[in-house]
Amino acid sequence: MKTHSLTLTTPSDFHFWRTVYSHGWCSLPPFRVDKELASLHRLLELSDGTLVHCVITAPALEKLKISVQSGKPCSSRQQQEIRKQIRSCFRLDEDYAEFFQYVKHYPYYRWIAKLHTGRLLRSPMVFEDIVKMICTTNCSWALTEIMVNNFVESLGKKFNGGMHSFPTPEAIASTSDAFLRKEIHAGYRAPFLLEFSENVASHKIDIEAFRSENLSTDELYKQLRAIKGVGEYAASNLLRLLGHYDRLGLDSWTRGKYYELHHGGRKVSDTTIEKHYASYGKWRGLIFWSEMTKHWIKQKFPF
DNA sequence: GCGTCCAGGTCTACC
DNA sequence: GGTAGACCTGGACGC
3 MKTHSLTLTT
13 PSDFHFWRTV
23 YSHGWCSLPP
33 FRVDKELASL
43 HRLLELSDGT
53 LVHCVITAPA
63 LEKLKISVQS
73 GKPCSSRQQQ
83 EIRKQIRSCF
93 RLDEDYAEFF
103 QYVKHYPYYR
113 WIAKLHTGRL
123 LRSPMVFEDI
133 VKMICTTNCS
143 WALTEIMVNN
153 FVESLGKKFN
163 GGMHSFPTPE
173 AIASTSDAFL
183 RKEIHAGYRA
193 PFLLEFSENV
203 ASHKIDIEAF
213 RSENLSTDEL
223 YKQLRAIKGV
233 GEYAASNLLR
243 LLGHYDRLGL
253 DSWTRGKYYE
263 LHHGGRKVSD
273 TTIEKHYASY
283 GKWRGLIFWS
293 EMTKHWIKQK
303 FPF
């Protein structure tokens, strides 16, 4: 086993733990949080099929350290790819200065700029984000964890007796409806996940381009909704992971949290919630999510 | 231990 | 465009 140490420079407004705990992804494999060692683990599969185990820490301001374990020494090209994938997960190349400047105009939301919340952790590949998002629909978080764990354990590649990688589109496409129902516990989502993986594996759709192409929110939303199993909630939350923040993506949990924060627990319509955030324009989805999860910081995070 | 009920988004058929 | 019902699972609850 070979070990490398890589370093990444981060923007001054980047906060490691608030990005790690920005939502539930950090507790879904191949991500894993090690609270004792204050690190985020991630098993990456590089484009040449090589598996590398990354242990990411933030030893100093504006710096991330990546301890990389691999079967063979990593070439400079592989090291470059590791840096690129981790930068993408942590959104290090997205400029949040405008957002933090914007929220400073609202006394109620100034804490967002002060605490540097807003960067949302994402997977190295859009494919993984979409599969995981479908696994969050219409079920408890416990079932989402079961489905993702089953995907990784049964279809991912095993690294040195430990973690498994996230399965490729081809790996999921090569299974069957019955397998996804029985082994993954995907239930009625099975045909959606199978069709989606087949379309990606056969290059009928190019979802990885969603991060690089300069598409409008409406166009991206339309393309996400064209994927069966991705409804309004899933598409809006995926948009946030693609850097588009002008939709809320309400679900039962965020609705409940909104009722609690703004109406003493009394239920209100989705239209009322939408109206509340409408004036925040293209940043409303990020302000909304930051507000819904603010209590996680005090609770030292629930995952 | 077993049976029943409920919560959780999305799709499809229907009006 | 809006609405009802089906889809499937895990967990809570009562017996």
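Residue numbers (our numbering): 3 to 305. Ideal Cβ placement from N, Cα and C applies to all residues, glycine included.
Other residues of its chain near Cys76: CB distance less than 6 Å, five sequence neighbours each side excluded | As a position in the first sequence, residue 76 is number 74, starting the count at 1. Result list for Cys76: His6, in chain order.
Closest by CA to Leu53, which one among Pro13, Ala60 and Arg44?
-> Here residue 53 corresponds to residue number 51 of the first sequence, with the count starting at 1. If we check each option's Cα against that of Leu53, Arg44 comes out closest.
Bridge partners - Phe33, DSSP secondary structure assignment | Your numbering for residue 33 matches position 31 in the first sequence. In the DSSP output, where bridge partners are listed per residue, Phe33 has Arg44.
Please look up how many angstroms separate the CB atoms of Leu8 and Arg93, rounded, as I've assumed it's under 8 Å.
-> On the first sequence, residue 8 is found 6 positions in, with the first residue counted as 1. On the first sequence, residue 93 is found 91 positions in, with the first residue counted as 1. Rounded, the Cβ-Cβ distance is 18 Å, inconsistent with contact.
Should Tyr108 be labelled buried (16 or more other beta-carbon atoms within 10 Å of its own) or exposed?
-> On the first sequence, residue 108 is found 106 positions in, with the first residue counted as 1. Exposed, because fewer than 16 other Cβ atoms sit within 10 Å of the Cβ of Tyr108.
Nearest-angstrom beta carbon gap, Lys230 and Phe198 [assumed within contact, 8 Å] = Translated into the one-based positions of the first sequence, residue 198 becomes position 196. Translated into the one-based positions of the first sequence, residue 230 becomes position 228. About 7 Å; that satisfies the 8 Å criterion.
Three-state secondary structure (DSSP) at Ile174?
-> If you number the first sequence from 1, residue 174 lands on position 172. Helix.
Ordered along the chain, which non-local residues of its own chain (more than five positions away) have a Cβ less than 7 Å from that of Ser292?
-> Locating residue 292 in the first sequence gives position 290, where the first residue counts as 1. Cβ neighbours of Ser292 beyond the five flanking positions: Ile114, Thr119 and Gly120.
Cβ distance (whole Å) where Gly73 is taken to contact Met3 below 8 Å | Taking the first sequence and counting its residues from 1, the one referred to as residue 73 is at position 71. Taking the first sequence and counting its residues from 1, the one referred to as residue 3 is at position 1. With a Cβ gap of about 7 Å, Gly73 and Met3 count as contacting.
Alpha carbon to alpha carbon, how far is His246 from Leu123? Give it in angstroms, no decimals.
-> Position 121 of the first sequence, counted from the start, is the residue given in the question as residue 123. Position 244 of the first sequence, counted from the start, is the residue given in the question as residue 246. So the alpha carbons of these two residues sit roughly 14 Å apart.
Within 10 angstroms of its Cβ, does Trp285 collect 16 or more other Cβ (buried), or is it exposed?
-> Residue 285 sits at position 283 when you count from the first residue of the first sequence. Classification of Trp285: buried, given that the 10 Å Cβ count is 16 or more.
Could you check the C-alpha separation between Asp97 and Tyr104 for me, to the nearest Å?
-> Residue mapping note: residue 97 aligns to position 95 of the first sequence, counting from 1. Residue mapping note: residue 104 aligns to position 102 of the first sequence, counting from 1. Rounded to the nearest angstrom, the two C-alpha atoms are 13 Å apart.
Can you tell me the Cα-Cα spacing of Leu195 and Phe129, whole angstroms?
-> What you label residue 195 is simply residue 193 of the first sequence in a count that begins at 1. What you label residue 129 is simply residue 127 of the first sequence in a count that begins at 1. Their backbone Cα atoms lie some 11 Å apart in a straight line.
Cβ neighbours of Ser14 in the same chain (closer than 7 Å, five flanking residues each side left out) = For this step, residue 14 is matched to residue 12 along the first sequence. Counting only Cβ-Cβ distances below 7 Å, and skipping sequence neighbours, we find Glu64.
Roughly how many whole angstroms lie between the Cα atoms of Arg249 and Arg257?
-> By one-based count along the first sequence, residue 249 stands at place 247. By one-based count along the first sequence, residue 257 stands at place 255. Approximately 14 Å, taken between the alpha carbons.
In its own chain, which residues sit with a C-beta less than 6 Å from the C-beta of Thr59, not counting the 5 before and 5 after it?
-> Locating residue 59 in the first sequence gives position 57, where the first residue counts as 1. Only Ser41 and Lys67 meet the Cβ criterion.
Which one of Cys91, Trp255 and Gly251 has the shortest CA to CA distance from Gly287?
-> Taking the first sequence and counting its residues from 1, the one referred to as residue 287 is at position 285. It is Gly251 whose Cα lies nearest to the Cα of Gly287.
Mind checking who Leu53 pairs with in its DSSP beta bridge?
-> Working through the first sequence from its first residue, we reach residue 53 at position 51. Its beta-bridge partners are Glu47.
Using the Cα positions of Phe290 and Ile132, report the straight-line distance between them to the nearest angstrom.
-> Working through the first sequence from its first residue, we reach residue 290 at position 288. Working through the first sequence from its first residue, we reach residue 132 at position 130. Approximately 21 Å, taken between the alpha carbons.
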